[in-house]
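Protein chains in written order, with this note's numbering: chain A, 846 to 1045; chain U, 846 to 1045. The next block holds one structure in the form of structure tokens; read it before the comments.
Protein chains: 2
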Amino acid sequence: MGRRPTWTEPELLATVMAVFRRKGFAHTSVRDLEQATGLHPGSLYKAYGNKEGLFTAALAAYNEQVAAHRVRIHLDETDPPLRGLHAFFVSTFDGGEEANPGCLLTNTAVEAPALAGVGRDAVAAGLELIEAGFRRMLERAIAAGDLPPTTPNDQRAAELLALYQGVLVLVRFGTAPAKLAGIVAHALPALLATHTQGEH
Amino acid sequence: MGRRPTWTEPELLATVMAVFRRKGFAHTSVRDLEQATGLHPGSLYKAYGNKEGLFTAALAAYNEQVAAHRVRIHLDETDPPLRGLHAFFVSTFDGGEEANPGCLLTNTAVEAPALAGVGRDAVAAGLELIEAGFRRMLERAIAAGDLPPTTPNDQRAAELLALYQGVLVLVRFGTAPAKLAGIVAHALPALLATHTQGEH
DNA sequence: CGTTTTGTTGAGCACGCGTTCAACAAAGGG
DNA sequence: CCCTTTGTTGAACGCGTGCTCAACAAAACG
């Protein structure tokens, strides 16, 4: 090769990802990325084509590095499963004030409703990754006897995903962690409680 | 005055608001607004100072026109109250495919975490408007005997707001209305059901 | 050691952005 | 009926944007 890359690709993408995550796609300029990475535009464009390609790669990196990691740690490897679920939610806002830039998937889903195919697919894949994690965790909880199988796991997982996205909106807005903790602590058990479909 | 305004202010802001709501602040150019309103930049800038002023005014208009209206219709004037709550959620996605651009408050909360004071205050005011609507609706439901007062209304309202934001994220992403309907139909009764704080 | 291959450099381009302003046109006031 | 006031016009400006490219430098290869 030529001059040895200053970055390994995952590290580079993690850096780029962090900027997109904090500022959003539109508010991030290529010069922001230059400053964050120390690389000059030619390098970035040679490797990723354009700003959208850079964003797409960062989104994929987010799925692989951040989302999948959180799912594995909290939803797949924590016992009891429902405790892992709680930790999964809390992990979005327990890092102090400025440490929680929200979720790149949530931010992207909201920012670009008409986003081009690849970007949309990446968001869909990320959300499905999380929802599938919820389903696996629910199965473990049922197997452990912590949860009565009164509602299909698909249904419960979809509801958990919706609540999760909502929490992430509030996180990004800057809602106080104490309030978020209260929401999560009560809403998760309530959502999962057995229930003969309520009247309203 | 001079040439009679082509627009009444609320109509103008409703038009501007629709563009911001669909495209987001960053992706909306002043030329987009020119095209949507038929007004030329000088007029817009004379009245609102700059693009952010225009956005702030549109945000206030959203609170007064859209959010407050929905709260009143569904949360304050529908009986039984819990049926109104359901309708409030469903109203975010029952308008067909392209008809539901999501919520300007949600979109703004996500897009601009570091938004300047006024914009942030407007979002906070809008969210509080909705949360207060939830609280009033909960009081009515309890008074009507439809809901046991086992959990403080503040707590319940906060959870409903979180779920609401999550649904709006999914709406904006383009999740199928049938799936959203399933989420809402089951999650709302579950969230409100009486519960001795679950273990997990 | 020459050649190729590959990542890097950084000045620079065209474009669209937010914004301004001098000129104008229609209503109100005395 | 003039003068002021006020909303409108639209060309134009400076700037920051996304992006390009010719030159270059270091590893890989035989």
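C-beta atoms are modelled at their ideal positions from N, C-alpha and C, and glycine is treated no differently.
Give the single residue among the options whose Cα lies nearest to the Cα of residue i.
{"i": "residue 969 of chain A", "options": "U:944, U:850, U:941, U:1018", "result": "U:1018"}
{"i": "residue 1031 of chain U", "options": "U:1008, U:921, U:1021", "result": "U:1008"}
{"i": "residue 899 of chain U", "options": "U:943, U:873, U:1035", "result": "U:873"}
{"i": "residue 975 of chain A", "options": "A:1016, A:886, A:913", "result": "A:913"}
{"i": "residue 995 of chain U", "options": "A:1035, A:916, A:989", "result": "A:1035"}
{"i": "residue 971 of chain A", "options": "A:916, A:999, A:943, A:850", "result": "A:916"}
Could you pull out every residue in the same chain whose Cβ sits closer than 6 Å to the Cβ of residue i, ignoring the five residues on either side in sequence?
{"i": "residue 862 of chain U", "result": "903, 906, 907"}
Do residue i and residue j have their C-beta atoms within less than 7 Å of each other?
{"i": "residue 1012 of chain A", "j": "residue 951 of chain U", "result": "no"}
{"i": "residue 923 of chain U", "j": "residue 929 of chain U", "result": "yes"}
{"i": "residue 991 of chain A", "j": "residue 927 of chain A", "result": "yes"}
{"i": "residue 853 of chain U", "j": "residue 882 of chain U", "result": "no"}
{"i": "residue 956 of chain U", "j": "residue 870 of chain U", "result": "yes"}
{"i": "residue 856 of chain U", "j": "residue 1028 of chain A", "result": "no"}
{"i": "residue 896 of chain U", "j": "residue 875 of chain U", "result": "yes"}
Distance, Cα to Cα, residue i vs residue j?
{"i": "residue 934 of chain A", "j": "residue 1001 of chain U", "result": "18 Å"}
{"i": "residue 1024 of chain A", "j": "residue 973 of chain U", "result": "14 Å"}
{"i": "residue 884 of chain A", "j": "residue 978 of chain A", "result": "36 Å"}
{"i": "residue 947 of chain A", "j": "residue 848 of chain U", "result": "48 Å"}
{"i": "residue 866 of chain U", "j": "residue 858 of chain U", "result": "12 Å"}
{"i": "residue 939 of chain A", "j": "residue 880 of chain U", "result": "44 Å"}
{"i": "residue 1006 of chain U", "j": "residue 925 of chain A", "result": "28 Å"}
{"i": "residue 888 of chain U", "j": "residue 894 of chain U", "result": "10 Å"}
{"i": "residue 963 of chain U", "j": "residue 986 of chain A", "result": "45 Å"}
{"i": "residue 945 of chain A", "j": "residue 886 of chain U", "result": "38 Å"}
{"i": "residue 980 of chain U", "j": "residue 910 of chain U", "result": "20 Å"}
{"i": "residue 1038 of chain U", "j": "residue 988 of chain U", "result": "16 Å"}
{"i": "residue 1026 of chain U", "j": "residue 851 of chain U", "result": "41 Å"}
{"i": "residue 943 of chain A", "j": "residue 965 of chain U", "result": "16 Å"}
{"i": "residue 1033 of chain U", "j": "residue 993 of chain A", "result": "19 Å"}
{"i": "residue 1022 of chain U", "j": "residue 982 of chain U", "result": "24 Å"}
{"i": "residue 998 of chain U", "j": "residue 958 of chain A", "result": "34 Å"}
{"i": "residue 941 of chain A", "j": "residue 949 of chain A", "result": "18 Å"}
If I measure Cβ to Cβ from residue i and keep anything under 7 Å in the same chain, skipping five residues before and after, which residues do I get?
{"i": "residue 967 of chain U", "result": "901, 904, 905, 908"}
{"i": "residue 1010 of chain A", "result": "951"}
{"i": "residue 932 of chain U", "result": "919, 923"}
{"i": "residue 1016 of chain U", "result": "937, 938, 945, 947, 1025"}
{"i": "residue 1020 of chain A", "result": "none"}
Who are the near neighbours of residue i in its chain, counting only those whose CB is closer than 8 Å to its CB and skipping five residues on each side?
{"i": "residue 960 of chain U", "result": "953, 968"}
{"i": "residue 877 of chain A", "result": "864, 868"}
{"i": "residue 1043 of chain A", "result": "With a pLDDT of 44 at residue 1043 of chain A, under the threshold of 50, the modelled position of that residue is not reliable, and the figure given next carries that caveat. Nothing listed; no residue qualifies."}
When you check each C-beta in the stretch 899-931 of chain U against every C-beta of chain A, which residues fall closer than 8 Å?
Within the stretch 899-931 of chain U, the residues whose Cβ lies closer than 8 Å to some Cβ of chain A are 925, 927, 928, 930, 931, listed in chain order.
Interface positions of the stretch 955-975 of chain U facing chain A (Cβ-Cβ less than 9 Å), listed along the chain:
Those residues of the stretch 955-975 of chain U that come within reach of chain A (Cβ to Cβ, closer than 9 Å) are 955, 956, 957, 958, 959, 965, 968, 969, 972.
Using Cβ-Cβ distances below 8 Å, what residues of the stretch 981-1010 of chain A are close to chain U?
Under the 8 Å Cβ criterion, the stretch 981-1010 of chain A contributes 991, 996, 1000, 1003, 1004, 1006, 1007, 1008, 1009, 1010.
Please list the residues of the stretch 938-954 of chain A that have a C-beta atom closer than 8 Å to any C-beta atom in chain U, keeping them in chain order.
Cβ contacts with chain U: 946, 947, 951, 952, 954.
By the 9 Å beta-carbon criterion, what residues does the stretch 857-881 of chain U contribute toward chain A?
Taking 9 Å as the Cβ-Cβ cut-off against chain A, the residues of the stretch 857-881 of chain U that qualify are 867, 868, 869, 870, 871, 872.
Positions along the stretch 885-898 of chain U whose CB lies within less than 7 Å of some CB in chain A
Within the stretch 885-898 of chain U, no residue has a Cβ that lies closer than 7 Å to any Cβ of chain A.
By the 9 Å beta-carbon criterion, what residues does the stretch 1026-1041 of chain A contribute toward chain U?
With the criterion set as a beta carbon lying under 9 Å from some beta carbon of chain U, the members of the stretch 1026-1041 of chain A are 1027, 1028, 1029, 1030, 1031, 1032, 1033, 1034, 1035, 1036, 1037, 1038, 1040, in sequence order.
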